[in-house]
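Student:
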Amino acid sequence: MGRQFKARCNQCQTEFDVREGGGFSFYLLHCDTCGEEKVIGSEEIKAKINDQNPALAKSEKIETIEAIAGACENGYYRFSAKARCPKCHSDDYSPAVDANGQVRMTFYD
Ligand SMILES: [Zn+2]
Ligand SMILES: [Zn+2]
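For reference, each letter of the sequence shown is one residue, going 1 to 109 in my numbering.
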């Protein structure tokens, strides 16, 4: 299950949407340099992985998915990479709160 929330950059105060984690039907990765989001359908992964080896270990599966996700302009899409501020590309952000002090967090699958 993944989650989405409004974040505020601690460097330049820009607010932006952050999505973390994949869903039931897709994997979500971020570029390790600019934080660009990459979504890959699990059907696409399944088709490619089953062709290679149906008994892949989890770490190998992650490597394979990252290899399929490929490269961004300046970096590589990784599961471990965080989202980044679209303006200054900092990964230093906090969940933004609304007027009631609540974090607007939604979950999806
Ligand atoms: Zn990038
Ligand atoms: Zn920023």
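Built from N, CA and C at the ideal position, the CB exists for glycine as well.
Flag C72 as yes when its Cβ comes closer than 7 angstroms to any non-hydrogen atom of ligand 1, and as no otherwise.
Tutor: yes
Student: Hey, C85 and F5 are a contact pair by Cβ (cut 8 angstroms); roughly how many whole angstroms apart?
Tutor: Actually they are not in contact, since the Cβ atoms of C85 and F5 sit about 14 angstroms apart, beyond 8 angstroms.
Student: Let me check one thing: in DSSP terms, what residues is F26 bridge-paired to?
Tutor: G41
Student: Does DSSP put S80 in a helix, in a strand, or in coil?
Tutor: Three-state result, S80: coil.
Student: Suppose contacts are defined by Cβ-Cβ distances below 8 angstroms. Is G41 in contact with G23 by that definition?
Tutor: no
Student: If you measure from the CB of E36, is any heavy atom of ligand 1 nearer than 7 angstroms?
Tutor: yes
Student: Within this structure, are the beta carbons of Y93 and R19 separated by less than 8 angstroms?
Tutor: The criterion of a C-beta distance shorter than 8 angstroms is not satisfied by Y93 and R19.
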